[in-house]
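Here the structure comes first, spelled out in structure tokens, and everything after it is commentary.
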Amino acid sequence: MNTLTSTMSSSPCVSSSPCVSSSPCVTLVGAGPGDPDLLTIKAVKALRRATVALVDDLVSAGVRRYLRPSARVIEVGKRGGCASTPQAYIHKLMVAEARRGERVVRLKGGDPFVFGRGGEECDALREAGIEVEVIGGLTAGIAGPASIGIAVTDRRCAPGVALVTGHARDGGAGPDWPALARSGLTLVIYMGLTRADSVVSALLAAGMSPAMPAAVISAATTPMQRHAFCMLGTLVRVVADEALSSPAVLVIGEVAALAGSVATSVALDRLDQPQGWLSPCVSEILCRPDAPARSGFRHTLNRGHDDPPVRIRARSGRCR
Ligand code: SAH
-15 MNTLTSTMSS SPCVSSSPCV SSSPCVTLVG AGPGDPDLLT IKAVKALRRA TVALVDDLVS
45 AGVRRYLRPS ARVIEVGKRG GCASTPQAYI HKLMVAEARR GERVVRLKGG DPFVFGRGGE
105 ECDALREAGI EVEVIGGLTA GIAGPASIGI AVTDRRCAPG VALVTGHARD GGAGPDWPAL
165 ARSGLTLVIY MGLTRADSVV SALLAAGMSP AMPAAVISAA TTPMQRHAFC MLGTLVRVVA
225 DEALSSPAVL VIGEVAALAG SVATSVALDR LDQPQGWLSP CVSEILCRPD APARSGFRHT
285 LNRGHDDPPV RIRARSGRCR
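Residue -15 is where the sequence shown starts when you use my numbering, and the numbers rise one by one after that.
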């Protein structure tokens, strides 16, 4: 049997049908970034069915309300820097509850497979002979930026997006910051707030411009949401000045300058800085006759190292 055939014939990690049969089964449910209205209908159905829920601490109260009042809720939070439930214990608990015949939901913030240890939990359950169903959720690194108007893969400025951790595994290698700095991808950094200074230093050392647009979004889609637009070079100061707290995602890339009038005015303010610079892609967009950010601004935009400067004239409405 060749490798492909043997891969296809082995049992899949994830069941395509919901956990409704009598065999032991656990449903990993993505709770989204916070706003309960961002839950999928499938997630709500699973929450309503559950008799036991193992819940991460990033899961909002509004999402938990979809559990039945009779459901047993087990808190298994793992927030960085705080006491956390050992992963092996969570695995054992899920297996034990499923074997007892409970309808078990493992409720995780965002998407279970995006920095959610969903893959490890899936493997542990499968090894114990428990079926697994996975219900994806909106991940904070896409829904958070979207909530403030950042399209992380705006094709005018970014060929794609990289979701990366700002927090290397114990003893493990962190992301390859030089490669990421060169990639031209929008960088969305999870778990990066407390390490923002080292992330920024690594990107600057790799040659990324200090004027690269950036944004920080804290507690996205919750009533506590706060955010700031800034530049790579001012990000650390802005986080401190604005007292932005976890959970938060950092967005670094030209797309952050296209998010709306606040973002674009920050982008244009950059030109008052010694390193004032806009990439060709952003300057072209801001130079369009219908660009909302134009009124009130009069700036010279450098379109890249070799291109002639572009002047935005607010009154005449022309870019030169
Ligand atoms: N599985 C989750 C990520 C878990 S890792 C997901 O797909 O979203 C935890 C990190 O996610 C936090 O440190 C933070 O960087 C990010 N995060 C989670 N919820 C967030 C929110 N509401 N606002 C901003 N960042 C959030």
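All C-beta atoms, glycine included, are put in the ideal place defined by N, C-alpha and C.
Open item on the list: Once the 5 residues before and after GLY156 are set aside, which same chain residues still bring their CB inside 8 Å of it?
Closed with: none
TODO: If I'm right that ALA15 touches LEU91 with Cβ under 8 Å, what's the distance once you round it to whole angstroms?
DONE: 5 Å
- [ ] Identify whether GLU59 lies in helix, strand or coil by the three-state DSSP scheme.
- [x] strand
- [ ] Measure the C-alpha to C-alpha separation of ALA212 and ALA130 and round it to an integer number of angstroms.
- [x] 14 Å
TODO: Go ahead and pull the three-state DSSP assignment for SER167.
DONE: helix
Task: From SER5, TRP161, TYR50, residue whose alpha carbon lies closest to that of THR149 - done: TRP161
Task: Reduced DSSP category for SER182 - H, G, I as helix; E, B as strand; rest coil - done: helix
Open item on the list: Just to confirm, is the Cβ distance from ASP95 to GLY120 under 8 Å?
Closed with: yes
Task: Helix, strand or coil at MET215 according to DSSP, with G and I counted as helix - done: strand
Open item on the list: Less than 7 Å between C-beta atoms, sequence neighbours within five positions excluded: which residues of the same chain meet that for GLY103?
Closed with: PHE97
Open item on the list: Beta-carbon within less than 7 Å of ALA55's beta-carbon, same chain only, minus the 5 sequence neighbours each way: which residues are those?
Closed with: ALA34, THR35, VAL36, ALA37
- [ ] Apply the 10 Å Cβ neighbour rule to ALA124 and answer buried if 16 or more other Cβ atoms are within range, or exposed otherwise.
- [x] buried
Open item on the list: According to DSSP, is ARG221 part of a helix, a strand, or is it coil?
Closed with: helix
Task: ligand 1 heavy atom lying under 7 Å from the CB of SER202 - done: yes
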